[in-house]
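Participant:
Numbering (this note's numbering), first residue to last: 23 to 190.
1. Per DSSP, what kind of secondary structure is residue 101 in: helix, strand or coil?
2. For residue 143, does the three-state DSSP call read helix, strand or coil?
3. Can you give me the start and stop residues for the beta strand (DSSP E) that residue 175 sits inside?
4. So, are the CB atoms of residue 161 and residue 184 less than 8 Å apart?
5. Please report the distance separating the alpha-carbon of residue 82 from that of residue 111.
6. Enumerate in chain order the residues of its own chain whose CB-to-CB distance from residue 43 is below 6 Å, with the five nearest sequence positions on each side excluded.
7. Between residue 122 and residue 150, what straight-line distance do the alpha-carbon atoms span, to the nearest angstrom?
8. Name the residue from 182, 76, 126, 165 whose alpha carbon lies nearest to the alpha carbon of residue 86.
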């Protein structure tokens, strides 16, 4: 997908999520999650791992029996850095919007898929020099809600996000 289309699609997805959360639809149900994400990536045969704080705000657009259609916005920032030689690498932040179809298995467990667009920014620094790179890419993954906890896997441009969040 061309970069010129990524920003408008990301904004449209986030706008849809916010609109759904404040709509007059009786089925719209807003949820908030907070937790931690382990991010791993392989850059030039070097493994990078970060721990991030993540927040999610979502809305159930519709529910038909055991199937729900949800949209959500998420964001987070890195807590630690990786050192590659004398270069320090850190995820500055990420933000995105996603569609999340959900299937209720029973009163305790829901499983879901996730597809969306995400903007990430990372910084590499060494001494007094630094370089920041950012980009917007499609991401997809899956997860499960168990009681008030959610465990999910998401991949964005060959970077893996393994998250555990608590739903308020």
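No residue lacks a Cβ here, since even glycine has one placed at the ideal position from N, Cα and C.
Facilitator: On the basis of the supplied data:
1. coil
2. strand
3. 171 to 178
4. no
5. 37 Å
6. Summary for residue 43: the model assigns pLDDT 47, below 50, so the residue's position carries little reliability; its value from the coordinates is reported in the next sentence. Closer than 6 Å at the Cβ level, and outside the excluded window around residue 43, lie 52, 81.
7. 42 Å
8. 126
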